[in-house]
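If you read the sequence shown in this note's numbering, its first letter stands for residue 183, the second for the next number, and so on.
A virtual CB, placed ideally from N, CA and C, is assigned to each residue, including glycine.
To start, the structure under review is shown below, and the notes come after it.
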Amino acid sequence: MDQTGSPPGGGDKLLEIRDLVVQFPSPNGLLTVVDHVSLSVGRNDIVCIVGESGSGKSVTMQAAVGLVQPKGGRVSGGSVKFEGQELVGMSSRQLNRIRGDSIGFIFQEPMTSLNPAYTVGDQIAEVVRRHRNVSRRDAWKRAVEVMDRVHIASAATRAGDYPHQFSGGMRQRVMIAMAIACDPKLLIADEPTTALDVTIQARILEVLEELQRESGMSVLFITHDLGVVAEIARSVVVMYGAQVVESAPVDELFRSPRHPYTAGLLEAMPQVALDRGHAPIAIPGVVAQAYAWPQGCRFHPRCTFCKPEVCADAPVPLMPDDHGFVRCARAAELRATLGQAATERSVPVMS
Ligand SMILES: Nc1ncnc2c1ncn2[C@@H]1O[C@H](COP(=O)(O)OP(=O)(O)OP(=O)(O)O)[C@@H](O)[C@H]1O
Ligand code: SF4
Ligand SMILES: [Mg+2]
């Protein structure tokens, strides 16, 4: 098993992140905001990274494709291989060639990625021209084609519209169209549905799944919403306090979470609570912060299963188990308890 809980694939891994460490300078020295994170994405795969705000989801993926250095961050360790090629240390020119071409990226803030002064057709065509040696006319044709693929009605006409003429959901489709314009092998989607209402969110997830099925591209999807994970993921990586705390195939994660944090996220899901006849139960306490990681298990101040003599001293390693990986010193003891709480639980249907 690898750290996403997928079977070992050797050569068929598209993206392999190993022991990635990312730091940002602060008045108190370097803050480690991604701490030895490992995960991988196979071909034709959909992997979700899930975790609360500030857990390091976005920075992990930005670092993987060389986007933290421009923001003042640094990759202090680890390796990121895309199709076997090392991306850490690659020149920005080479990375620019890969980003937008073999790796499509949908950023967390769609409006900052669209220029209000240009039509959406021009902006998608520009991405195509940056990576392909094609005429303006063919680039525009491709823009209309991909807008059509993400089901924007009357794509040929709408390509001539400006971003403000699109609703939030339609703008997000434009972002997807832009990210898939060059037929990427991997699409990284950072919270692409968070700002949308539930119905529109469900439609966008359908579009992404359809694209994935038809093109065979892999998707790495970042979200803080386990409902979205249930909808789209095949395997899941749970992050807390800059570290991976659990990874597993999606069905197994929902049926039998092995980390108290994952179990807490599940209990906080409205759909799960409704099934079990109670109100959602929020995880107590506040998210750990990089300037003051708790000693021992970073989740211990919030964990109802914490035994200080076991959990609060030494760092807890990420260990393999039968369904993936888990970072909990009491995982074996708690297995029955956490599994029991989840007996009736399966992957909830969202829409
Ligand atoms: N440019 C930056 N400079 C300094 N610190 C940063 C920067 N970008 C992110 N961080 C810090 O890195 C940590 C991880 O941030 P990240 O954006 O990856 O979180 P996230 O899991 O994506 O959260 P969210 O769900 O809110 O998007 C946070 O503590 C954040 O404050
Ligand atoms: S190591 Fe201890 S505190 Fe951390 S998740 Fe496991 S039981 Fe909870
Ligand atoms: Mg983020």
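Exercise for review: Have a look at the DSSP bridge pairing and note the partners of Tyr-473.
Suggested key: Partner(s): none; Tyr-473 has no beta bridge.
Exercise for review: Report the residue from Tyr-473, Arg-512, Ser-295, Ile-285 whose alpha carbon sits nearest the alpha carbon of His-313.
Suggested key: Ile-285
Point to revise | Rounded C-alpha distance that separates Asp-379 from Lys-263 | key: Rounded to whole angstroms, Asp-379 to Lys-263 spans 35 Å at the Cα level.
Review point. Taking 7 Å as the cut-off, does the CB of Tyr-443 come closer than this to any heavy atom belonging to ligand 2?
Key: yes
Review point. Skipping 5 residues on each side, what residues in its chain have a beta carbon closer than 7 Å to that of Ala-335?
Key: Apart from sequence neighbours up to five positions away, no residue of its chain approaches Ala-335 with a beta-carbon distance below 7 Å.
Exercise for review: Decide if Tyr-422 is buried, meaning its Cβ has at least 16 other Cβ atoms within 10 Å, or exposed.
Suggested key: In summary, Tyr-422 is buried, with 16 or more beta-carbon neighbours lying within 10 Å of its beta-carbon over all protein chains present.
Point to revise | Residues sharing a beta bridge with Asp-372, DSSP | key: Ile-404
Point to revise | Cα-Cα separation, Gly-260 to Val-216 | key: 11 Å
Check your understanding: Quick one: what does DSSP say His-505 is sitting in, helix, strand or coil?
Key -> coil
Review point. Does DSSP put Leu-516 in a helix, a strand or coil?
Key: helix
Review point. According to the Cβ coordinates, are Phe-403 and Ile-414 closer than 8 Å?
Key: yes
Exercise for review: Taking only heavy atoms of ligand 1 into account, decide whether any of them is closer than 7 Å to the Cβ of Ser-237.
Suggested key: At least one heavy atom of ligand 1 is found less than 7 Å from the C-beta of Ser-237.
Review point. Between the Cα of Ala-455 and the Cα atoms of Val-241, Gly-409, Gly-238, Thr-381, which residue gives the shortest distance?
Key: Gly-409
Check your understanding: Looking only at C-alpha atoms, which of Val-302, Ala-246, Thr-301 sits nearest to Asn-278?
Key -> Ala-246
Check your understanding: Does ligand 2 have a heavy atom nearer than 7 Å to the CB of Phe-507?
Key -> no
Check your understanding: Per the contact definition of three or more C-beta pairs closer than 8 Å, is the stretch 425-440 in contact with the stretch 368-383?
Key -> The stretch 368-383, when compared against the stretch 425-440, does not touch it at the 8 Å Cβ threshold.
Exercise for review: Find the nearest neighbour of Cys-493 within the set Asp-503, Cys-230, Phe-348, His-482, judged by alpha-carbon distance.
Suggested key: His-482
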